[in-house]
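Comments concern the structure below.
Residue numbers (the UniProt record's numbering): 1 to 110.
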């Protein structure tokens, strides 16, 4: 039950934790097992490509998570502070344009 609680809390908070990674790996493993079973049962070429796509996606997600963890470790070793990116900081400037009031359109009847 602790796993479900950790998984639910990870959905509502930014970043990843161990429960989310386990759920991701479990989901992809179940997907690949299902696709391989369907491939064996039907011998349809579509399942080969679906299996390759799912395996590639799983590998890319695993690689990305490892790279993020490696970067966090590098920042921790170098003593760099992690700064959350906000919308104003990410765009480099704030929106200072005045908001115009809606105009009322009238139609003329002749």
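In this text, a Cβ means the ideal position worked out from N, Cα and C, and glycines have one as well.
In the structure shown, what three-state DSSP assignment does residue 12 receive? Assigned with DSSP and collapsed to three states, residue 12 falls in coil, not helix or strand.
Measuring straight from C-alpha to C-alpha, what distance separates residue 8 and residue 68? Using only the alpha carbons, I get a separation of about 22 Å.
Quick one: Cα of residue 114 to Cα of residue 66, how far? The displayed coordinates of the chain run from 1 to 110. Any statement about residue 114 would go beyond what the structure contains.
Just to confirm my understanding: we take residue 6, look at its own chain, exclude 5 residues before and 5 after, and list those with CB closer than 7 Å. What are they? Excluding sequence neighbours, residue 6 sits near 17, 19.
Run through DSSP, which three-state label would residue 26 get? Annotated three-state conformation of residue 26 is helix, per DSSP.
If you reduce the DSSP assignment to three classes, tell me which class residue 80 lands in. Residue 80 sits in coil when the DSSP states are folded into three classes, being neither helix nor strand.
Less than 8 Å between the C-beta atoms of residue 32 and residue 62, yes or no? A distance of 8 Å or more separates the beta carbons of residue 32 and residue 62.
Is DSSP giving residue 70 helix, strand or coil here? It is helical.
Taking the alpha-carbon positions, what's the residue 55 to residue 28 distance? C-alpha separation (whole angstroms): 8 Å.
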